[in-house]
Ligand SMILES: [Cu+2]
């Protein structure tokens, strides 16, 4: 019984070793992508390594002048791992910063920024 | 650390210590202490049992506003009912809190005159309290079957570690019974039971602990520039010390018990030291469990 348990845990450890060590939410991918040059996006999409809790997960968009631009309310999709917020109007050419501030299922808060450029 | 963060760590420590003690002490007494000694050990533990329930309840009550202050915009949110409700209903922290509040209620119910003399109600309530912990935290970060596996592993780690930790105090209280002819036989039975179950529990605590480390850190916690990995290494070192002490206890002090009165004092001393070291382990986890692991 005890040997079986140890063996199955060891097997599980082996299987898990193929995966990435994870912990605290981190950004897996974004649309627009980091440092990309794009046409004015209709929404911001950030996919995280783990599920988020919406009330304490927010996106902020900062314009080329560093001032915050109002965007729509964020929603979660893809099993709560992707945080999406609509961009309200067309963005003028320039470099924009997305600041994210999220609470994930591990009960921990994380934050970060990335940038993208809107082509003329 | 802000004041709210420090207080959250204090609450976590209190909750761990109380729930692990109640779980371990009750399962050990129910499973391994003979009838002849059971009542006297339970009577000696009554004050600390009551204290544990109070600490668990206090930590649970305090942790909700503290979390609201941390998640929201500071202390004004700690007293904002709307904010508290959002935390309870829409976060994993809230889900944990609901289960902990239920566990605290069950623990108080287990203290009422009708169930006070039974062990099972307290053991079950402590089990609920411990089961709340892997709901959130780094056991919750995976997808699919791995998440269930990690949670089950962490619960097993808590139950077995809790058995070890919680049994230490009743064991320390049983040691004087070794020197009394009328209780010597029962005390020996109880201590042999602790030793046998302890071997299995400690082995599985190590296996489940390493497995959890593997899932969270991806290997051994050797990147000591990260406080999480440094403190996890410190925790492992303390547990290794505890294991070494337990081995000396079992295979040196106990074997020589009949030959020298000094061995009896060493045994008491070592058992009390084990309790102190386990509290150090709990304090470390209460703090570093919230840090960035990798
Ligand atoms: Cu985390």
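Chains as they are written, first to last, in the working numbering: chain A, 1 to 120; chain B, 1001 to 1294. Each residue gets a CB set at the ideal place from its N, CA and C atoms; glycine is no exception. Only a predicted model underlies this, so the values are computations on that prediction, with no experimental measurement involved.
Per-residue contacts from residue i into chain A (C-beta, under 9 Å)
i                      : result
residue 1071 (chain B) : 53, 55, 56, 103, 109
Cβ neighbour criterion (16 or more within 10 Å) applied to residue i
i                      : result
residue 1184 (chain B) : exposed
residue 1208 (chain B) : buried
residue 1023 (chain B) : buried
residue 1258 (chain B) : exposed
residue 1094 (chain B) : buried
residue 1158 (chain B) : buried
residue 185 (chain A)  : The structure shown does not extend to residue 185 (chain A), since chain A is modelled only from 1 through 120, so no value can be given for it.
residue 75 (chain A)   : exposed
residue 1200 (chain B) : exposed
residue 1011 (chain B) : buried
residue 1119 (chain B) : buried
residue 1042 (chain B) : buried
residue 1018 (chain B) : buried
residue 1100 (chain B) : buried
residue 50 (chain A)   : buried
residue 1224 (chain B) : exposed
Beta carbon proximity, residue i to chain B, threshold 8 Å
i                    : result
residue 45 (chain A) : no
residue 16 (chain A) : At residue 16 (chain A), the pLDDT of 48 sits below 50, so the modelled position is not reliable; the number obtained from the coordinates is stated separately. So, interface residue.
Distance cut-off 7 Å: residue i Cβ against heavy atoms of ligand 1
i                      : result
residue 80 (chain A)   : no
residue 1150 (chain B) : no
residue 106 (chain A)  : yes
residue 23 (chain A)   : yes
residue 1138 (chain B) : yes
Chain A within 8 Å of residue i, Cβ atoms only
i                      : result
residue 1184 (chain B) : no
residue 1278 (chain B) : no
residue 1014 (chain B) : no
Neighbouring residues, chain B, relative to residue i (Cβ below 9 Å)
i                    : result
residue 24 (chain A) : 1138, 1141, 1291, 1292, 1293, 1294
residue 50 (chain A) : 1140, 1141, 1142, 1143
Chain A contact residues for residue i, given Cβ-Cβ distances below 7 Å
i                      : result
residue 1192 (chain B) : The contacting residues do not exist; residue 1192 (chain B) stays about 19 Å from chain A at best.
Chain A residues whose Cβ lies nearer than 8 Å to that of residue i
i                      : result
residue 1091 (chain B) : 53, 55, 56, 103, 107
residue 1086 (chain B) : 55
Beta-ladder partner(s) of residue i, from DSSP
i                      : result
residue 1193 (chain B) : None, per the DSSP bridge assignment.
residue 35 (chain A)   : According to DSSP, residue 35 (chain A) bridges with nothing at all.
residue 100 (chain A)  : A:59, A:112
residue 1141 (chain B) : None; residue 1141 (chain B) has no bridge partner.
residue 1254 (chain B) : None, per the DSSP bridge assignment.
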